[in-house]
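*Asks:*
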Amino acid sequence: MAYGFAAAARDRLNELTGPSETVLNTPGHDLQTALNDIDHINVENIYARYTGALNGAENVSFTLVKGEALIIRGKSGCGKSTLLDVLAGELPAQSGRLNMSGQSYDFAAVNYLAQQIDIFDMSLADNLRLGDDTIHDDDLWRVLDQVALADWARAQPQGLQTSLSEYGAAVSGGQARRIALARLLLQPKPVLLLDEPFAGLDETARGQIWQMLREAQADGFLIAASHHLPKDSDYYILDINSESLFRRL
550 MAYGFAAAAR
560 DRLNELTGPS
570 ETVLNTPGHD
580 LQTALNDIDH
590 INVENIYARY
600 TGALNGAENV
610 SFTLVKGEAL
620 IIRGKSGCGK
630 STLLDVLAGE
640 LPAQSGRLNM
650 SGQSYDFAAV
660 NYLAQQIDIF
670 DMSLADNLRL
680 GDDTIHDDDL
690 WRVLDQVALA
700 DWARAQPQGL
710 QTSLSEYGAA
720 VSGGQARRIA
730 LARLLLQPKP
740 VLLLDEPFAG
750 LDETARGQIW
760 QMLREAQADG
770 FLIAASHHLP
780 KDSDYYILDI
790 NSESLFRRL
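All residue numbers for the sequence shown refer to my numbering, where the first residue is 550 and numbers rise by one.
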């Protein structure tokens, strides 16, 4: 089973490293340029379904302007994750259109925290760096503080060198998700997609994480599928069952 996952990941990476005409891969365009270039995202009548699935994303439409956030709601199995997979480039839509600022939708501009996360039998630092030795320890502590794990890490005898064990067995499910989120915060992109980011967190932690995410994506876009609605925050809610979009103030 592990080999199958690895082979599938290899194939996806090989596809991503092919020739690209996206903004982020164009010479002279850095991340900040990409952030400035994308002022809105438009999703129009998206229909997508996995083979054999009873439900999927059907006729979903919305527009987000830079700095706005969206919470996708709906019953379990109604297509929330399917929609995120489409927005992340993991699943092609069978119909509908996506664009960024009226141009082609750039999947290279997207970070995605799916429900299935990968924690490796390595140290906490190595799980965050994923082989990028240019990332300084100070940056690791910064993102751990953002996801409210810095105090926990400092309390461990080995600190950043704490082993997370195979499949992250040494940490709880909520901690594992926050570690995976911290990994994305080290490599920020204009669009951040999150599938059930508050799973395993209490109400206080959910509020802290949400406010941190809003600040981190203040010049970008934040889209999350969640059964939990953050309190005291300005964001849009998309009910995928009724296809209704409204704003919570």
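By construction, the Cβ of each residue, glycine as well, lies at the ideal position given by its N, Cα and C atoms.
When you compare only the Cα positions, how much space is there between residue 679 and residue 742?
*Replies:* For the purposes of this step, residue 679 is taken as the residue at position 130 of the sequence shown. For the purposes of this step, residue 742 is taken as the residue at position 193 of the sequence shown. The alpha-carbon atoms of residue 679 and residue 742 are separated by roughly 20 Å.
*Asks:* Is residue 599 helix, strand or coil when you go by DSSP?
*Replies:* Position 50 of the sequence shown, counted from the first residue, corresponds to residue 599. Looking at residue 599 - three-state DSSP - the assignment turns out to be coil, as it is neither helix nor strand.
*Asks:* For the putative contact between residue 590 and residue 775, defined by C-beta atoms under 8 Å, what is the C-beta separation to the nearest angstrom?
*Replies:* Counting from 1 along the sequence shown, the entry for residue 590 is found at position 41. Counting from 1 along the sequence shown, the entry for residue 775 is found at position 226. In fact, because the Cβ distance is near 19 Å, the residues do not count as touching under 8 Å.
*Asks:* Whole angstroms are fine: how far does the CA of residue 551 sit from the CA of residue 625?
*Replies:* Within the sequence shown, residue 625 is the residue found at index 76, counting from 1. Within the sequence shown, residue 551 is the residue found at index 2, counting from 1. Cα-Cα distance, rounded: 27 Å.
*Asks:* Helix or strand or just coil, what does DSSP make of residue 671?
*Replies:* Along the sequence shown, one-based indexing puts residue 671 at 122. DSSP places residue 671 in coil when its eight states are reduced to three.
*Asks:* Determine the burial state of residue 654: buried for a count of at least 16 other Cβ atoms within 10 Å of its Cβ, exposed for fewer.
*Replies:* Indexing the sequence shown from 1 puts residue 654 at position 105. Flag for residue 654 reads buried.
*Asks:* Looking at C-beta atoms only, is the number of pairs between the segment 689–697 and the segment 752–763 that lie closer than 8 Å three or more?
*Replies:* Judged by Cβ distances under 8 Å, the segment 689–697 makes contact with the segment 752–763, as three or more pairs qualify.
*Asks:* So, with DSSP's three-state summary, where would you put residue 592?
*Replies:* In the sequence shown, counting from the first residue as 1, residue 592 sits at position 43. If DSSP states are grouped into helix, strand and coil, residue 592 belongs with the strands.
*Asks:* Can you look up residue 692 in the DSSP assignment and give me helix, strand or coil?
*Replies:* What you label residue 692 is simply residue 143 of the sequence shown in a count that begins at 1. Helix.
*Asks:* Who are the Cβ neighbours of residue 714 in its own chain at under 7 Å, not counting the five residues just before and after it?
*Replies:* Here residue 714 refers to the residue found at position 165 of the sequence shown. Cβ neighbours of residue 714 beyond the five flanking positions: 670.
*Asks:* Contact defined as beta carbons within less than 8 Å: I believe residue 723 pairs with residue 750. What is the distance between those atoms, to the nearest angstrom?
*Replies:* By one-based count along the sequence shown, residue 723 stands at place 174. By one-based count along the sequence shown, residue 750 stands at place 201. Confirmed, about 5 Å.
*Asks:* Use the C-beta contact count for residue 766: other C-beta atoms within 10 angstroms, 16 or more gives buried, fewer gives exposed.
*Replies:* The residue you call residue 766 lines up with position 217 of the sequence shown. The residue in question, residue 766, is buried, as its Cβ has 16 or more Cβ neighbours within 10 Å.
*Asks:* Tell me, please, which residues DSSP counts as bridged to residue 609.
*Replies:* Locating residue 609 in the sequence shown gives position 60, counting from the first residue. Residue 609 pairs with 595.
*Asks:* Can you give me the C-alpha to C-alpha distance between residue 754 and residue 795, rounded to a whole angstrom?
*Replies:* By 1-based counting over the sequence shown, the position of residue 754 is 205. By 1-based counting over the sequence shown, the position of residue 795 is 246. C-alpha separation (whole angstroms): 25 Å.
*Asks:* In the segment 742–767, which residue ranges form an unbroken alpha helix (DSSP H) of at least 4 residues, counting only runs that do not cross its ends?
*Replies:* DSSP runs (the alpha helix (DSSP H)) wholly in the segment 742–767: 752–765.
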